[in-house]
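The block underneath contains the structure these notes are about, expressed in structure tokens.
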Amino acid sequence: EDKVVQSPLSLVVHEGDTVTLNCSYEVTNFRSLLWYKQEKKAPTFLFMLTSSGIEKKSGRLSSILDKKELFSILNITATQTGDSAIYLCAVARLMNNNAGNMLTFGGGTRLMVKP
Amino acid sequence: ETGVTQTPRHLVMGMTNKKSLKCEQHLGHNAMYWYKQSAKKPLELMFVYSLEERVENNSVPSRFSPECPNSSHLFLHLHTLQPEDSALYLCASSHGTGGYEQYFGPGTRLTVT
Numbered sequence: 001e002d003k004v005v006q007s008p009l010s011l012v013v014h015e016g017d018t019v020t021l022n023c024s025y026e027v028t029n030f031r032s033l034l035w036y037k038q039e040k041k042a043p044t045f046l047f048m049l050t051s052s053g054i055e056k057k058s059g060r061l062s063s064i065l066d067k068k069e070l071f072s073i074l075n076i077t078a079t080q081t082g083d084s085a086i087y088l089c090a091v092a093r094l095m096n097n098n099a100g101n102m103l104t105f106g107g108g109t110r111l112m113v114k115p
Numbered sequence: 116e117t118g119v120t121q122t123p124r125h126l127v128m129g130m131t132n133k134k135s136l137k138c139e140q141h142l143g144h145n146a147m148y149w150y151k152q153s154a155k156k157p158l159e160l161m162f163v164y165s166l167e168e169r170v171e172n173n174s175v176p177s178r179f180s181p182e183c184p185n186s187s188h189l190f191l192h193l194h195t196l197q198p199e200d201s202a203l204y205l206c207a208s209s210h211g212t213g214g215y216e217q218y219f220g221p222g223t224r225l226t227v228t
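Just so you know, the protein sequences line up as chains A and B, in that order. Be aware that the first sequence starts at 1, since it is given in my numbering, and climbs by one per residue. Be aware that the second sequence starts at 116, since it is given in my numbering, and climbs by one per residue.
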């Protein structure tokens, strides 16, 4: 059975802190790993990672994938209150009927950044 | 209007009601998805449509019935639901099912009484 596990479940930090969110996975026919940010309702796309060891960066956020150890991390530097959200990790794998890929989500990490 | 829209945003229904959720994407995508997000559980994939054909049904009870009349619209027809079906129902779309990122709508918060 496919598994995507995120840690920690929740995290409270102060503005300016750096945080690291973890995502480990066990899926068959891995295709890619995606990170999303969910503030109110709609998850918004952050990164898609397909290759090991290549960091993707967007402003204060960065992410990297390790396909050998089957995990990814999402780093947020100089956190701001606007970073408060649930961060979701998802792994894309080939569907059983080979019709394409589907996403399996982890349970998310709830980040709260205090002023 | 841009992105992925969903209506209604909130829905309260009794167990004997029949209602439908609607999703529309304005991104030119050809794959659409329904997800269920319950409290303290990961997002669960319910249905996948690619080019208006259902390609995955993730063991969803028959009281949930999807419909995809064209590549821009997706419906989820609901009937005789149970209180445990109360959740946030999210629609998403992507360029294909080939590992591309999915873009989500704002969701419908469903409460079954």
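The beta carbon of each residue, even a glycine, is placed where N, CA and C say it ideally should be.
Run through the DSSP bridge pairs and tell me what Tyr215(B) is partnered with.
None; Tyr215(B) has no bridge partner.
If we define contact as Cβ-Cβ less than 8 Å, is Pro8(A) a contact residue for chain C?
Among the protein chains in the structure shown, which are A and B, there is no chain C.
Nearest chain B C-beta to Ala42(A) closer than 8 Å, yes or no?
By this cut-off, Ala42(A) is an interface position.
Compare the C-beta of Phe45(A) against all C-beta atoms of chain B and say whether one is closer than 8 Å.
yes
Taking C-alpha atoms, which residue in His210(B), Thr223(B) and Arg178(B) lies nearest to Asn132(B)?
Arg178(B)
From the DSSP secondary-structure annotation, give me the bridge partner or partners of His194(B).
Lys133(B)
Restricting to Cα atoms, I'd like to know which of Lys56(A), Ala85(A) and Val91(A) is closest to Val13(A).
Ala85(A)
Tell me Lys37(A)'s beta-bridge partners as DSSP assigns them.
Thr44(A) and Tyr87(A)
Please list the partners that Phe219(B) has in chain A, where partner means a Cβ-to-Cβ separation under 7 Å.
Ala42 and Pro43
How would you list, in chain order, the residues of chain B whose beta-carbon sits under 7 Å from the beta-carbon of Phe105(A)?
Pro157 and Leu158
Considering just the uninterrupted stretch of the beta strand (DSSP E) at Glu167(B), what are its terminal residues?
Per DSSP, Glu167(B) belongs to no beta strand (DSSP E) and is neither H nor E.
In angstroms, rounded to a whole number, what distance separates the CA positions of Leu196(B) and Val127(B)?
Roughly 11 Å between the two C-alpha positions.
Apart from the five residues on each side of it in sequence, which residues of its chain come closer than 6 Å, Cβ to Cβ, to Thr50(A)?
Ser32
Report all residues from its chain with a CB closer than 7 Å to the CB of Leu111(A); omit the five preceding and five following residues, and keep chain order.
Leu11, Val19, Asp83, Ser84, Ala85 and Tyr87
Under 8 Å between C-beta atoms, does Gly53(A) make it to chain B?
So no, Gly53(A) is outside the interface.
Is there contact here, the region 196-212 of chain B with the region 154-168 of chain B, by at least three beta-carbon pairs under 8 Å?
yes
Answer with buried or exposed for Asp2(A), where buried requires no fewer than 16 other C-beta atoms within 10 angstroms of its C-beta.
exposed
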